[in-house]
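In this note's numbering, the protein residues as written are 166 to 274.
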C-alpha cells in the first residue's frame, strides 16, 4: 500500500464526501500495519486489512505485476455493488490521482 496515495486521497477526502462518495482502501497488510498506515496518512476513511489476500484475489489483482502483492487497482463501485469503472495498472506507478477520479463521469454529481 502506498502511503503517498493514502495521503493524497485524504487531502481530497472532503471533495469525495461532497460528491456523496465513500472512499476506502484495502491493504494486504495485517490489521495493525493497515492501522499504522491509516494513522500515518491521517485517513478519515477506512483502510481495511486483507492479510490473506482474499479480496485482491477475488478482484484478480494479486501478483498481476509479478511481485506477489496486489496491483494498485482503483475501482468505482455503485451503491448496488456493481463495479462501474476500474483502473488496473500494468506498472506500480500507474495510479489515477484523486482529481482524476473526481472527474470520472461514473461518480455521482
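By construction, the Cβ of each residue, glycine as well, lies at the ideal position given by its N, Cα and C atoms.
Which word fits residue i, buried or exposed, when buried means at least 16 other C-beta atoms lie within 10 angstroms of its C-beta?
i: residue 204; result: exposed
i: residue 211; result: exposed
i: residue 189; result: exposed
Can you look up residue i in the DSSP assignment and give me helix, strand or coil?
i: residue 241; result: strand
i: residue 235; result: strand
i: residue 213; result: strand
Excluding the 5 residues preceding and the 5 following residue i in the sequence, name in chain order all residues of the same chain whose CB lies nearer than 8 Å to its CB.
i: residue 261; result: 239 and 252
i: residue 269; result: 241 and 250
Residues in the same chain with beta-carbon distance under 7 Å from residue i, minus the five sequence neighbours each way, listed in chain order, please.
i: residue 185; result: 273
i: residue 245; result: none
i: residue 230; result: 236 and 257
i: residue 227; result: 218, 221 and 235
- Are the region 216-227 and the region 170-183 in contact at 8 Å, needing three or more beta carbon pairs? no
- Message: In chain order, what are the residue ranges of uninterrupted alpha helix (DSSP H) at least 4 long that sit wholly in the region 168-192?
- Response: 168-176 and 178-183
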